[in-house]
Amino acid sequence: MSHSGEVSPSTPKLQLHLSIPIPSRDSTYYIADGNTVLLVENTLFKVHRSTLTKDASTFDSMFSLDSDLRSSSHVSGNSTVTTVGPEGENDDNPIRLQGDTADQFRALLWALYSLPHELSVALTPEANPLQLFNLARISHKYEFRSIEAWSLNALTQIYTRPMHPPSNKEVDGPTLEQLTELASLCEQRDLLEAATQRWRRRIASGKDISLAINVAERLNLRALLGRAYYAMLLQGREVWDADGHLTRAQIIRLLSGHYTLGRLWERLPNEPPPFIHSPRCMGAAVVRCNQTWAGLWKSMMDMGRQGVLLQYPDVEGKLMLAESMLKTLMERDMPTPGLLEAMPWCKEQTLIATAGKIRDIQESLVDYFVDV
């Protein structure tokens, strides 16, 4: 304190006051005739309370709770005591929304105040994915059910559009991780499938595999988790150890997967997938057909070890190689003495059985990567 009684600039309270930014009014949604002021982050919004209560949202019950609050004053002795009015009446006492961003709340107000032709842009290639993402998140939180469904549908259209960029950070859009979290949170299966397909493309190109593992584990996305673990398995131990995003528990699961899939790799030549014989294949022909299939299957599995660049234990790759060989034998009618000539009516059934085996392995990949 200076001798004149003025507060020194070094006074802690003044320093604290100067360090807190003054809230600014939103340039679009601080509406002159609005009757409710809200503070989101450091932005003030002034809107119509009736607009926020649409769609039986959370704001409807929120405003009902304080509807009885009024500014009041009473005289006590020689002084007048005035209580602060309800939140939202002015800039000095706004309703504070915690956990939201100004962009999210702005997206909500865009949906609530826009005209139909303005909203229709969201269903065209000119749509703003980030705005729709913010809208979907905040409408889910505050239970604007119809807006949430509309925004998720618009996002799904964007991310299932063939020409939409398949990058991790979409142009002016959410990251793939954010998009996946939103689809999981809102239980939007089509959007989640679109996000999963993008993860699969990234994993196939060797990108963000450990990130995919962590996202899939956190959100319990079993199919994606199995695919990500399998891709990381084929990267090899040196890559696992060098990846700073994998935990010790995850590396143990990779080792477990290496062991169990390796055992399966060794068993496959002696375990041809069963198939349903053609009605024309009867009696002794069934026995001969089964023997022929067992021999053909073993020879195809052995080719996965000899002269073919398949990484141990790439079981999926070995099975897909067998499927490709079968298709070649059938489609090109290649001579196969001692192999397919003994099973003339069941060739297609063996191909169906092989495809089924591949599908079974793919759908159960995550089960090979377990805690020891």
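Letter 166 of the sequence shown, counting from 1, is numbered 166 in the UniProt record's numbering, and no numbers are missing.
By construction, the Cβ of each residue, glycine as well, lies at the ideal position given by its N, Cα and C atoms.
Could you pull out every residue in the same chain whose Cβ sits closer than 8 angstroms to the Cβ of R288, ignoring the five residues on either side in sequence? Excluding sequence neighbours, R288 sits near A342, M343.
Mind checking which residues open and close the beta strand (DSSP E) that includes I95? According to the DSSP assignment, I95 belongs to the beta strand (DSSP E) that extends over 95 to 97.
Quick one: measure Cβ to Cβ for L233 and L211, integer angstroms, because I've assumed they're closer than 8 angstroms. Contact doesn't hold; Cβ gap of about 16 angstroms is too wide.
Spatial neighbours of S152 within its chain, please: C-beta separation below 7 angstroms, excluding the five flanking residues on both sides. Residue 152 is actually Leu in this sequence, not Ser. Once the five neighbours on either side are set aside, the close Cβ partners of L152 are A136, C186, Q188, L191.
Beta carbon of A242: closer than 7 angstroms to some heavy atom of the ligand PLP? No copy of the ligand PLP appears in this structure; indeed no ligand is present at all.
Alpha helix (DSSP H) runs wholly inside the region 195 to 253, at least 4 long, in chain order: Qualifying alpha helix (DSSP H) stretches, in chain order: 209 to 219, 222 to 235, 237 to 242.
Alpha carbon to alpha carbon, what distance is there between W240 and A149? The straight-line gap from Cα to Cα measures roughly 40 angstroms.
Using a 10 Å radius around the Cβ and a threshold of 16 neighbouring Cβ atoms, would you call N134 buried or exposed? Buried, by the Cβ-count rule.
If you compare alpha carbons, which of W265, R267, P269, V286 is closest to F275? Nearest of W265, R267, P269, V286 to F275, Cα basis: V286.
What residues in its chain sit with their C-beta under 8 angstroms from that of Q235, if we drop five residues either side in the sequence? Counting only Cβ-Cβ distances below 8 angstroms, and skipping sequence neighbours, we find G206, I209.
Rounded to whole angstroms, what is the Cα-Cα separation between G77 and Q178? Because G77 sits at a pLDDT of 39, beneath the cut-off of 50, its placement in the model cannot be relied upon, and the following sentence gives the value as read from the coordinates. Spanning the alpha carbons of G77 and Q178 requires a straight line of approximately 59 angstroms.
In whole angstroms, give me the CA-to-CA distance for E266 and S299. A direct Cα-to-Cα measurement between E266 and S299 gives close to 13 angstroms.
For T354 and K318, the rounded distance between their alpha carbons: Distance between the alpha carbons of K318 and T354: 11 angstroms.
Can you tell which of Q349, F63, G99 has the C-alpha that lies nearest to the C-alpha of E87? Checking every option, the nearest Cα to that of E87 belongs to F63.
Tell me whether L112 sits in a helix, a strand or coil according to DSSP, three-state version. Looking at L112 - three-state DSSP - the assignment turns out to be helix.
V47 and L119 closer than 8 angstroms at C-beta: In this structure, L119 does not lie closer than 8 angstroms to V47 by Cβ.
In terms of residue numbering, what span does the beta strand (DSSP E) encompassing K46 cover? Looking at the DSSP string, the run of the beta strand (DSSP E) that includes K46 is 43 to 47.
Beta-bridge partners of V40, as assigned by DSSP: Bridge partners of V40: T43, L97.
Contacting residues, own chain, Cβ-Cβ under 7 angstroms from N35 (five flanking each side not counted): For N35, same chain residues with a beta-carbon under 7 angstroms away, outside a window of 5 residues either side, are H48, R49 in chain order.
What residue does the alpha helix (DSSP H) around Y159 start on, and which one ends it? In the DSSP assignment, Y159 falls within the unbroken alpha helix (DSSP H) covering 145 to 159.
Considering only residues of the same chain and omitting the five flanking positions on each side of T53, which have a CB-CB separation below 7 angstroms? By the criterion of a C-beta distance shorter than 7 angstroms, T53 is surrounded in its chain by F59, D60, F63, once the five residues flanking it on both sides are discounted.
Can you give me the C-alpha to C-alpha distance between V37 and L44, rounded to a whole angstrom? Roughly 7 angstroms between the two C-alpha positions.
DSSP puts Y30 in a beta bridge; with which residues? K46.
Determine the DSSP secondary structure at T180, reduced to helix, strand or coil. For T180, the three-state secondary structure derived from DSSP is helix.
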